[in-house]
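Comments concern the structure below.
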């Protein structure tokens with residue numbers, strides 16, 4: 583491309599951009615910036631686009647030429663163009679290159695964020711209410727709850743996660759015992775590692791870790807399954823068949839999660855205690871001593887406290903997974919977002935709930 | 011109500027999403043036993059209107075009465091629940107439940123609403139699948155069948171309980187002409203044999219002319235109804251440019267094409 587100053591057809595002063603060769607997506611890439619600058623700099627002079635040496639203009643080239651005219655803003659003319667170039671240019675101009683004015687997003691204010699948080703919490707409460715209502719109505723539409731589905735979910739969420747539960751529990755017991763044994767030994771208190779590990783496992787870590795596993799393995803799966811059904815209009819189909827999605831899809835998952843969580847927690851506790859025992863025996867304590875120490879440290883209340891927590895965590899994680907699934911938007915990306923929301927929401931609300939439990943148990947003096 | 015014998019009566023129905031009006035002042039009646047087609051170009055609100063008719067979406071304004079039950083407004087919930095037993099819906103993609111075989115999909119409504127023993131349910135469901143030409147595919151999963159088969163299975167499920175009113179969302183969209191014509195044939199046969207009323211959403215011209223007794227046409231630019239009547243007469247006699255463009259494949263104007 584060359585830029586030349588010359589007089590236009592009418593005798594006015596003009597800036598001519600003389601192009602040659604192919605004006606296609608490849609060719610204009612090298613020219614774009616330079617040509618735009620020249621077009622802008624032409625100012626009030628006429629912009630002449632000289633195409634006499636050009637052998638090919640495609641739609642990209644035509645878009646380039648119209649963009650040059652727009653960038654210049656003033657009077658512009660074509661020279662030496664072929665008939666087919668002109669026809670193409672007319673079509674491109676008719677297609678409209680004007681961008682719609684972008685929607686300006688209002689600045690994010692703390693009030694809006696708080697309102698969104700409030701809405702999310704309100705939605706959560708509404709969901710819990712709907713689930714409770716579905717449970718109350720269950721005797722009337724017991725046919726809609728498919729028990730074989732419930733068993734399948736319990737199998738998926740619980741039985742199939744057991745290897746992972748055992749592994750994680752064992753490792754956590756092992757690590758916790760090892761890490762605390764070193765500083766405790768300084769005070770000659772390394773026998774009390776058994777107390778520490780068993781109490782923290784039974785009351786805190788057992789249910790919490792089980793909930794994290796449930797959120798990662800099952801909460802996300804619930805959200806993705808229900809989300810895919812939503813995208814495929816399957817939820818709409820259920821509603822028009824008069825089958826309540828709450829009863830048919832959410833309740834069995836909720837009940838399954840609540841059933842398996844205490845079991846998962848129990849298995850995780852046992853595996854963790856086993857891991858701790860391995861460390862203690864490696865430190866030279868006989869099995870009998872460790873066992874006695876554990877039995878003396880924990881009470882049945884500790885165990886039940888953990889199991890009740892596990893039950894609640896299971897309900898929360900499953901409910902959030904299902905709610906994210908039912909709230910899935912449109913398109914394939916939405917399912918991914920729902921699954922992510924299920925895991926994040928599940929873990930966060932489990933930990934928040936755990937704090938509430940800590941407060942409650944302290945107040946009740948358990 | 012004077013029109014008590016109408017299958018569907020819609021009066022002054024509108025749908026708005028925020029400030030955007032999809033359509034307004036839409037009124038029509040569907041008579042028993044007819045094939046009623048809702049047609050229009052992309053984005054005119056055909057599917058939205060159907061969602062309103064089957065109670066999935068509450069219209070922003072207007073009333074809809076389906077088989078004598080008002081399903082809109084504050085007291086519409088009871089009407090919606092009562093209506094659901096009497097309608098069948100085929101969704102655009104079939105919306106078959108992915109975790110069940112075709113046979114189980116068709117058996118599901120029977121399981122929920124009838125006291126048939128399992129063998130009876132299966133026999134009825136097999137007949138329905140046979141009617142739509144899927145007798146051999148009963149044991150397949152929805153992921154294993156083609157789009158046309160999924161739509162036919164969707165019709166089989168929609169008529170599992172032999173509802174007097176069937177809604178079909180784009181039964182022939184995205185299908186080859188032969189399969190599509192087969193579906194049209196199926197709709198006409200079912201209407202003749204079961205006496206059911208069909209409400210069909212479509213924009214396939216050939217299919218409209220083959221099956222429709224009456225149609226309404228929605229338009230995005232007009233934000234509402236622009237034509238109502240026998241599609242063959244609309245094709246030959248309408249002087250609305252959009253209706254003519256639709257039926258005769260004329261190019262309207264660059265921005266509307």
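Residue numbers (the numbering used here), protein chains in the order written: chain A, 583 to 948; chain B, 11 to 267. All C-beta atoms, glycine included, are put in the ideal place defined by N, C-alpha and C. For clarity, every value in this text was computed on a predicted model and none was experimentally measured.
With respect to chain A, the C-beta atom of residue 72 of chain B has no partner C-beta closer than 9 Å. Close CB contacts of residue 253 of chain B within its chain, under the 7 Å cut and outside five residues either way in sequence, are with 227, 236, 237, 244 (chain order).
DSSP places residue 884 of chain A in the helix class (H, G or I) of the three-state scheme.
The three-state reading of DSSP puts residue 728 of chain A in coil, since its state is none of H, G, I, E or B. In the three-state scheme derived from DSSP, where H, G and I count as helix and E and B as strand, residue 105 of chain B is classed as coil. Taking all protein chains in view, the Cβ of residue 666 of chain A is surrounded by fewer than 16 other Cβ atoms within 10 Å, so the residue is classified as exposed. Taking the Cα of residue 763 of chain A as reference, the smallest distance to any Cα among A:775, A:769, A:850 is reached at A:775.
Using a CB distance below 7 Å, the part of the stretch 720-745 of chain A facing chain B consists of 725, 726, ordered along the chain. Judged by DSSP secondary structure, residue 70 of chain B falls outside any alpha helix (DSSP H); it is assigned neither H nor E. Straight-line measurement puts the Cα of residue 696 of chain A at about 40 Å from the Cα of residue 744 of chain A. Cβ-Cβ distances below 7 Å link residue 168 of chain B to 98, 99, 100, 176 in the same chain, with the five nearest sequence neighbours on each side left out; the list follows chain order.
Here residue 718 of chain A is exposed, its C-beta having fewer than 16 other C-beta atoms within 10 Å.
For residue 18 of chain B, the enclosing beta strand (DSSP E) has its first and last residue at 18-27.
Among the residues of chain A, those whose CB is under 8 Å from the CB of residue 97 of chain B are 822, following chain order. Here the alpha carbons of residue 936 of chain A and residue 798 of chain A stand approximately 18 Å from one another. Exclusion of the five residues before and after residue 884 of chain A leaves 781, 784, 785 as the residues of its chain whose Cβ lies within less than 8 Å of its Cβ.
Proximity of chain A to residue 102 of chain B at the Cβ level (cut-off 8 Å) is accounted for by 815, in chain order. Where residue 659 of chain A is concerned, the enclosing beta strand (DSSP E) starts and stops at 658-661. In terms of beta-carbon proximity, residue 683 of chain A stays away from the interface with chain B, with every pair separated by 9 Å or more.
DSSP, read as helix, strand or coil, puts residue 227 of chain B in strand.
Residue 595 of chain A carries a strand assignment under DSSP once its states are collapsed to helix, strand and coil. Around the beta-carbon of residue 159 of chain B, 16 or more other beta-carbon atoms lie within 10 Å, marking it buried. Beta-bridge annotation (DSSP): residue 629 of chain A is paired with A:597, A:658.
DSSP places residue 698 of chain A within a helical segment (H, G or I) once states are collapsed to three. Of all residues in the stretch 61-86 of chain B, only 61, 64, 65, 66 place a beta-carbon less than 9 Å from a beta-carbon of chain A. Contact of residue 884 of chain A with chain B by beta-carbon distance below 9 Å is absent, the smallest such distance being about 40 Å. In the structure shown, the three-state DSSP call for residue 912 of chain A is coil. Look at residue 119 of chain B: its C-beta is under 9 Å from a C-beta on chain A.
Of the candidates A:653, A:864, A:921, A:669, A:864 places its Cα closest to the Cα of residue 772 of chain A. Exposed is the label assigned to residue 708 of chain A, since fewer than 16 other Cβ atoms lie within 10 Å of its Cβ. At a cut-off of 9 Å, the C-beta of residue 24 of chain B has no neighbouring C-beta in chain A.
Closer than 9 Å to the CB of residue 107 of chain B there is at least one CB belonging to chain A.
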